[in-house]
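Numbering (the numbering used here), first residue to last: 649 to 704.
Even for Gly, the Cβ is constructed at its ideal location relative to N, Cα and C.
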Ligand code: SF4
Ligand code: SF4
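Right, dumping it as structure tokens:
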């Protein structure tokens, strides 16, 4: 299990600072989560203003 950031992301960067395992980085058109690093904690979803990170 890992979270995935959908296309609603507005690249605000808020989630990157909240991730305890630094799994989030800026991508070309949105922020992206490294599924192999993500521990499924949900912190990114809690701070996202547009609810873009979703559990998969
Ligand atoms: Fe990081 Fe947790 Fe979001 Fe996974 S669910 S990307 S570990 S903040
Ligand atoms: Fe994108 Fe939400 Fe992360 Fe901001 S907090 S960069 S909108 S996923």
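Within 8 Å, strictly: CB atoms of residue i and residue j
i: residue 652; j: residue 672; result: no
i: residue 704; j: residue 650; result: yes
i: residue 658; j: residue 695; result: no
i: residue 660; j: residue 692; result: no
i: residue 654; j: residue 683; result: no
Identified DSSP bridge partners for residue i
i: residue 680; result: 673
i: residue 654; result: In DSSP, residue 654 forms no bridge with anything.
i: residue 697; result: DSSP lists no partner for residue 697.
Of the residues the options, the one placed nearest residue i, counting alpha carbons only
i: residue 686; options: 678, 702 and 676; result: 702
i: residue 656; options: 679, 664 and 670; result: 679
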